[in-house]
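To start, the structure itself, in structure tokens.
There are 2 protein chains.
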Amino acid sequence: MVTIYDIAAKAGVSAMTVSRVINNTGKISEKTRAKVRRVMEDLNYVPNHMARSLVLQQTNLLFLLITDITNPFYTTLARGAEDAAKKYGYRLLFGNSDENVEKEKDYVDTILATRADGVLVAPAGDPSLPHLETLRKHQVPFVLLDREVPGLDSDVVLGDSKEGARKLVDHLSSQGHRRIALINGSPYISSARLRLEGYREALKLNDLAYDESYVLETAFEPRSDLSEIESWLERMSPLPTAIVAGNNVLAVEVIRTLHDRGIRVPEQMSVVCFDDLGPYSEIDPFLTVIAQQAYQFGYLGMQLLVERIQERGETGLPWKKVVLPADMIVRRSVSAVENIL
Amino acid sequence: MVTIYDIAAKAGVSAMTVSRVINNTGKISEKTRAKVRRVMEDLNYVPNHMARSLVLQQTNLLFLLITDITNPFYTTLARGAEDAAKKYGYRLLFGNSDENVEKEKDYVDTILATRADGVLVAPAGDPSLPHLETLRKHQVPFVLLDREVPGLDSDVVLGDSKEGARKLVDHLSSQGHRRIALINGSPYISSARLRLEGYREALKLNDLAYDESYVLETAFEPRSDLSEIESWLERMSPLPTAIVAGNNVLAVEVIRTLHDRGIRVPEQMSVVCFDDLGPYSEIDPFLTVIAQQAYQFGYLGMQLLVERIQERGETGLPWKKVVLPADMIVRRSVSAVENIL
DNA sequence: TAATTTAAGGTTATCGGTAACATTATTTCA
DNA sequence: TGAAATAATGTTACCGATAACCTTAAATTA
Chain Y
1028 MVTIYDIAAK AGVSAMTVSR VINNTGKISE KTRAKVRRVM EDLNYVPNHM ARSLVLQQTN
1088 LLFLLITDIT NPFYTTLARG AEDAAKKYGY RLLFGNSDEN VEKEKDYVDT ILATRADGVL
1148 VAPAGDPSLP HLETLRKHQV PFVLLDREVP GLDSDVVLGD SKEGARKLVD HLSSQGHRRI
1208 ALINGSPYIS SARLRLEGYR EALKLNDLAY DESYVLETAF EPRSDLSEIE SWLERMSPLP
1268 TAIVAGNNVL AVEVIRTLHD RGIRVPEQMS VVCFDDLGPY SEIDPFLTVI AQQAYQFGYL
1328 GMQLLVERIQ ERGETGLPWK KVVLPADMIV RRSVSAVENI L
Chain E
1028 MVTIYDIAAK AGVSAMTVSR VINNTGKISE KTRAKVRRVM EDLNYVPNHM ARSLVLQQTN
1088 LLFLLITDIT NPFYTTLARG AEDAAKKYGY RLLFGNSDEN VEKEKDYVDT ILATRADGVL
1148 VAPAGDPSLP HLETLRKHQV PFVLLDREVP GLDSDVVLGD SKEGARKLVD HLSSQGHRRI
1208 ALINGSPYIS SARLRLEGYR EALKLNDLAY DESYVLETAF EPRSDLSEIE SWLERMSPLP
1268 TAIVAGNNVL AVEVIRTLHD RGIRVPEQMS VVCFDDLGPY SEIDPFLTVI AQQAYQFGYL
1328 GMQLLVERIQ ERGETGLPWK KVVLPADMIV RRSVSAVENI L
């Protein structure tokens, strides 16, 4: 590997001069600058980021941790974060925790070991608390995305989950649905809790009774085993006429399970959910959804993070909480109750 | 930041002893080991990856560069790469080039500067050659995914693009289509070239004439400006009855443009493409596609990469080329010609 | 013209680890 | 019982960069 010393030797200058040329610091004559540049090109020199960061005590590296890299919500969010990072001159790397607290912890270790300047995290859930506290203890600035973690103060960008759930239920109710079920993510995830709350409030406002057996709390991540959903569907009696899904992955799994049992959507069952299905929902608009502004989650989150990084030292700045609105897109996955077979 | 020296001082041993405890090397008495461990926990010590890599001359870090993080093909591929990396004990980080050679070059610089042990790359295209050669020159092992780059020998995992294109055209032909158009990625991308070749061969085999105006070569990446597709549609006369899209993104854009012009799919135009739309195509199976084994691209690619890394030093090992089959999934986006309005 | 400034560059120490080579008790064995 | 082996730890140098300080010659200024 070519080092600064190889360049220095070949150019007949000291290593420090090479360093100055690389970083455009200090005073260097045009002649030496040109010579050093030529030697660097000749030898294909690439600065060693680690050596540099070691002495500078900063890496210019930021991380984005998401929980599901195959979910369009998170990948669109990633684009937003990426664009903002570029704007501020940071490099951004991605990690994927798969909704798995252990994997997430591994990434946090990598991040700490890499001495990243900051992190954007969509936490796997409340049990993420310990490793987020570790980040805090090591003074790594971070911003939470999409989910809060009780007991941890921080900047955060959230969607209006409660309002979103209310809108979905209201919409179903307006189509005459009175038996509305909810399949939700783990209660250890803040957004899932708020969606449940919004669901219950909306039921009440629409004079609908809350029936515990109509609620299934499972995992937001995709899984091959659908038996939990199957037994839930069997348990409910009478079957609901509509299902609210806590996110797009759950909606897909519910619909798949319904199809397996010969129940057609929306003819026999209406389904709505949080989060859109990416650009692909445009070709054959099917699911009625709360389309969260995924790109904005990433973009705004990155702005908050960069602010934190640049304010480092100043203490006691209040934590910022951005709540993005929940907009509903009505498509074909809901039919009016009177049309249900 | 807590260092090995802080631990050493507090535990009353030398830094080297701490290092030995961390890495489980050398001989350490149980007593000191326990003491050092306790101090590390007390101080929340995290090893500095950069310092370590600097002296070890290896980072245990691998990178995956993809060209479109919102494309389910690449995110599923990423999952495969991730699982395989974990199996082999490497850390994996992701980068997203957005089909943009410049961005890709930036990532390559980051990778070189980070001194990653290896890279998995889905190259943006033939113009990626210079920076891939830079990787080679710096002896960073890499494996290409999904696309080859002429003039560059390397391990590579490909899909059978030619065969896939043939299958799509054959399928359309079997439904009576005789005017079949192709919207494809840039001719500077190997997979796009092969898809065009397969398309032309299949036309010939089905006794269909090749009409240049029926082929549009554009970009594989999503874009907001659809005017190029619009003017292409206007140019073709008579309109084709079916369109083959070089990938899922193009299919989505074509269908969107068709809808804008009041042309319905599949009632008035059949559309097929390469690459599935992720799990979401299951809820409302619409597009007939060549479903490439995205997960396998990542998993096998990672295996090849790790082999290369571990063989480092041994020269002249032949390059490996894995070609994954192209399987067609027939869904609803094609109708028989006689039913076209 | 002597005293300062400035331009251009060099030296040394350091970032946080680890390899390689000591060192010192303590065992083990001939 | 003395020599050799081993266990447990310490010292030193180095990985590749940069900050802080130092040096020298040329250019300015009083």
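Chains Y and E, in that order, are what the protein sequence lines are.
The opening residue of the first sequence carries number 1028 in our numbering; numbering runs sequentially from there.
The opening residue of the second sequence carries number 1028 in our numbering; numbering runs sequentially from there.
Glycine included, C-beta positions come from ideal geometry on N, C-alpha and C.
All values derive from a computational prediction rather than experimental measurement.
Checklist entry - What are the uninterrupted segments assigned as beta strand (DSSP E) that are 3 or more residues long and contained completely in the segment 1224-1261 of chain Y, given in chain order? => result Fully contained in the segment 1224-1261 of chain Y are the following beta strand (DSSP E) runs of length 3 or more, in chain order: 1242-1244.
Next on the checklist: Here's a check: name, in chain order, each residue in its chain whose Cβ is nearer than 6 Å to the Cβ of residue 1356 of chain Y, leaving out the five neighbours to either side.
Outcome noted: In the first sequence, the residue the question calls residue 1356 of chain Y occupies position 329. For residue 1356 of chain Y, the CB contacts under 6 Å within the same chain, skipping 5 residues up- and downstream, are 1316 and 1318 in chain order.
Checklist entry - Under the rule that 16 or more other beta-carbon atoms within 10 Å means buried, what is residue 1248 of chain Y, buried or exposed? => result Mapped onto the first sequence, residue 1248 of chain Y falls at position 221. By the neighbour-count rule (16 or more Cβ atoms within 10 Å), residue 1248 of chain Y is buried.
Next on the checklist: Which same chain residues end up closer than 7 Å to residue 1215 of chain Y when comparing Cβ atoms and leaving out the 5 residues on each side of it in sequence?
Outcome noted: The residue you call residue 1215 of chain Y lines up with position 188 of the first sequence. For residue 1215 of chain Y, where only same-chain residues beyond five positions count, the Cβ hits under 7 Å are 1152, 1153 and 1154.
Item to check | Euclidean distance between Cα positions of residue 1168 of chain E and residue 1146 of chain E | outcome: Taking the first residue of the second sequence as position 1, residue 1168 of chain E is located at position 141. Taking the first residue of the second sequence as position 1, residue 1146 of chain E is located at position 119. For residue 1168 of chain E and residue 1146 of chain E, the distance between alpha carbons rounds to 6 Å.
Checklist entry - In terms of alpha-carbon separation, which member of E:1113, E:1111, E:1276 and E:1132 lies closest to residue 1250 of chain E? => result Within the second sequence, numbered from 1, the residue matching residue 1250 of chain E stands at position 223. For residue 1250 of chain E, the closest of E:1113, E:1111, E:1276 and E:1132 by C-alpha to C-alpha distance is E:1276.
Checklist entry - Mind pulling the chain Y residues with CB within less than 8 Å of residue 1136 of chain E? => result Mapped onto the second sequence, residue 1136 of chain E falls at position 109. Counting only Cβ-Cβ distances below 8 Å, residue 1136 of chain E has contacts in chain Y at 1073, in chain order.
Checklist entry - When you compare only the Cα positions, how much space is there between residue 1082 of chain E and residue 1077 of chain Y? => result Position 55 of the second sequence, counted from the first residue, corresponds to residue 1082 of chain E. Position 50 of the first sequence, counted from the first residue, corresponds to residue 1077 of chain Y. Computed Cα separation, rounded: 10 Å.
Checklist entry - For the 8 Å Cβ check, are there 3 or more pairs between the segment 1090-1099 of chain Y and the segment 1118-1131 of chain Y? => result These segments touch.
Checklist entry - Between residue 1079 of chain E and residue 1064 of chain E, what straight-line distance do the alpha-carbon atoms span, to the nearest angstrom? => result Sequence index remark: in the second sequence, residue 1079 of chain E carries index 52 (1-based). Sequence index remark: in the second sequence, residue 1064 of chain E carries index 37 (1-based). Answer to the nearest angstrom: the Cα atoms are 19 Å apart.
Next on the checklist: Taking the alpha carbon of residue 1282 of chain E as the reference point, which residue from Y:1308, Y:1364, Y:1194 and Y:1239 has its own alpha carbon closest?
Outcome noted: Looking up residue 1282 of chain E in the second sequence gives position 255. The shortest Cα separation from residue 1282 of chain E among Y:1308, Y:1364, Y:1194 and Y:1239 belongs to Y:1308.
Next on the checklist: If you follow the beta strand (DSSP E) that residue 1183 of chain Y is in, where does it begin and where does it stop?
Outcome noted: Locating residue 1183 of chain Y in the first sequence gives position 156, where the first residue counts as 1. Judged by DSSP secondary structure, residue 1183 of chain Y falls within the beta strand (DSSP E) whose first and last residues are 1182-1186.
Next on the checklist: What would DSSP say about residue 1313 of chain E, mapped onto helix, strand or coil?
Outcome noted: As a first step, residue 1313 of chain E is located in the second sequence; it is residue number 286 there, counting from the start. For residue 1313 of chain E, the secondary structure class from DSSP, reduced to helix, strand or coil, is coil.
Next on the checklist: Considering just the uninterrupted stretch of the alpha helix (DSSP H) at residue 1327 of chain E, what are its terminal residues?
Outcome noted: By one-based count along the second sequence, residue 1327 of chain E stands at place 300. Element bounds for residue 1327 of chain E: 1321-1337.
Next on the checklist: Residues of the segment 1140-1171 of chain Y in Cβ contact with chain E at a cutoff of 9 Å, in chain order, please.
Outcome noted: Residues of the segment 1140-1171 of chain Y with a C-beta atom less than 9 Å from some C-beta of chain E are 1140, 1141, 1142, 1161, 1164, 1165 and 1166, listed in chain order.
Checklist entry - If residue 1086 of chain Y and residue 1163 of chain Y are in contact, beta carbons under 8 Å, what's the gap, nearest whole angstrom? => result As a first step, residue 1086 of chain Y must be located in the first sequence, where it is residue number 59. As a first step, residue 1163 of chain Y must be located in the first sequence, where it is residue number 136. Not really, about 18 Å apart at Cβ, beyond 8 Å.
Item to check | chain Y residues whose Cβ lies nearer than 7 Å to that of residue 1096 of chain E | outcome: Residue 1096 of chain E sits at position 69 when you count from the first residue of the second sequence. Going along chain Y in sequence order, the residues near residue 1096 of chain E (Cβ under 7 Å) are 1102, 1105 and 1106.
Next on the checklist: With a threshold of 9 Å between beta-carbons, can residue 1295 of chain Y be considered close to chain E, or not?
Outcome noted: Position 268 of the first sequence, counted from the first residue, corresponds to residue 1295 of chain Y. Not an interface residue.
Checklist entry - Comparing alpha-carbon positions, which option in Y:1299, Y:1132 and Y:1185 lies nearest residue 1160 of chain Y? => result Start at 1 with the first residue of the first sequence, and residue 1160 of chain Y comes out as number 133. Residue 1160 of chain Y has its Cα closest to that of Y:1132, out of Y:1299, Y:1132 and Y:1185.
Checklist entry - Applying a beta-carbon distance threshold of less than 7 Å, which residues of chain E neighbour residue 1311 of chain Y? => result In the first sequence, counting from the first residue as 1, residue 1311 of chain Y sits at position 284. Under the 7 Å cutoff, chain E gives 1311 and 1313.
Item to check | C-alpha distance - residue 1075 of chain E paired with residue 1333 of chain E, whole-angstrom precision | outcome: Reading the second sequence from its first residue, position 48 is the one you call residue 1075 of chain E. Reading the second sequence from its first residue, position 306 is the one you call residue 1333 of chain E. When rounded, the distance between both Cα atoms is 24 Å.
Checklist entry - Is it right to say residue 1330 of chain Y is buried, meaning 16 or more other beta carbons lie within 10 angstroms of its own, or is it exposed? => result Numbered from 1 along the first sequence, position 303 holds the residue referred to as residue 1330 of chain Y. With 16 or more other Cβ atoms within 10 Å, it is buried.
Next on the checklist: Using a Cβ-Cβ distance cut-off of 9 Å, determine whether residue 1245 of chain Y contacts chain E.
Outcome noted: Position 218 of the first sequence, counting from 1, holds the residue named residue 1245 of chain Y. No, residue 1245 of chain Y lies away from the interface with chain E (no Cβ there is under 9 Å from its Cβ).
Checklist entry - Does DSSP put residue 1138 of chain E in a helix, in a strand, or in coil? => result Within the second sequence, the letter at position 111 stands for residue 1138 of chain E. In this structure, residue 1138 of chain E counts as helix in the three-state DSSP scheme.
Checklist entry - Excluding the five sequence neighbours on either side, which residues of its own chain have a C-beta within less than 8 Å of the C-beta of residue 975 of chain E, listed in chain order? => result The structure shown has nothing for residue 975 of chain E, since chain E only spans 1028 to 1368.
Next on the checklist: Just to confirm before moving on: does the CB-CB distance between residue 1205 of chain Y and residue 1364 of chain Y stay below 9 Å?
Outcome noted: Locating residue 1205 of chain Y in the first sequence gives position 178, counting from the first residue. Locating residue 1364 of chain Y in the first sequence gives position 337, counting from the first residue. Their beta carbons are under 9 Å apart, which means residue 1205 of chain Y touches residue 1364 of chain Y by this criterion.
Checklist entry - Which residues in the same chain as residue 1109 of chain E place their Cβ atom closer than 6 Å to its Cβ, once the five residues preceding and following it in sequence are excluded? => result Within the second sequence, residue 1109 of chain E is the residue found at index 82, counting from 1. The residues are 1119.
Checklist entry - Which of the residues in the segment 1273-1284 of chain E, read from start to end, lie with their CB under 8 Å from any CB of chain Y? => result Per Cβ criterion, the list reads 1275, 1276, 1278, 1279, 1282 and 1283.
Checklist entry - Got a sec: is the Cβ-Cβ distance from residue 1203 of chain Y to anything in chain E below 9 Å? => result Stepping through the first sequence from its first residue, residue 1203 of chain Y is reached at position 176. So, not an interface residue.
Checklist entry - From residue 1051 of chain E to residue 1156 of chain Y, what does the alpha carbon distance come to, in whole angstroms? => result For this step, residue 1051 of chain E is matched to residue 24 along the second sequence. For this step, residue 1156 of chain Y is matched to residue 129 along the first sequence. If I take the Cα positions, the gap works out to 29 Å.
Next on the checklist: So, for residue 1101 of chain E: in the same chain, excluding its five sequence neighbours on each side, which residues have a beta-carbon less than 6 Å away from its beta-carbon?
Outcome noted: Looking up residue 1101 of chain E in the second sequence gives position 74. If you ignore the 5 residues before and after residue 1101 of chain E, its C-beta comes within less than 6 Å of the C-beta of 1093 and 1095, all in its own chain and listed in chain order.
Next on the checklist: With the cut-off set at 9 Å, would you say residue 1271 of chain E and residue 1195 of chain E are in Cβ contact?
Outcome noted: On the second sequence, position 244 is the one that residue 1271 of chain E refers to. On the second sequence, position 168 is the one that residue 1195 of chain E refers to. In this structure, residue 1195 of chain E lies closer than 9 Å to residue 1271 of chain E by Cβ.
Checklist entry - What did DSSP end up calling residue 1053 of chain Y once you bin it into helix, strand or coil? => result Within the first sequence, numbered from 1, the residue matching residue 1053 of chain Y stands at position 26. Note: residue 1053 of chain Y maps to coil in three-state DSSP.
Next on the checklist: For the segment 1105-1132 of chain E, list every residue whose C-beta sits within 9 Å of some C-beta in chain Y, in sequence order.
Outcome noted: Under the 9 Å Cβ criterion, the segment 1105-1132 of chain E contributes 1105, 1106, 1109, 1113, 1118, 1119, 1120, 1121, 1122, 1123, 1125 and 1130.
Next on the checklist: What does the alpha-carbon distance come out to for the pair residue 1069 of chain E and residue 1038 of chain E?
Outcome noted: Walking along the second sequence from the start, residue 1069 of chain E turns up at place 42. Walking along the second sequence from the start, residue 1038 of chain E turns up at place 11. Distance between the alpha carbons of residue 1069 of chain E and residue 1038 of chain E is about 11 Å.
Checklist entry - Between residue 1289 of chain E and chain Y, is there a C-beta pair that is closer than 9 Å? => result Looking up residue 1289 of chain E in the second sequence gives position 262. By this cut-off, residue 1289 of chain E is not an interface position.
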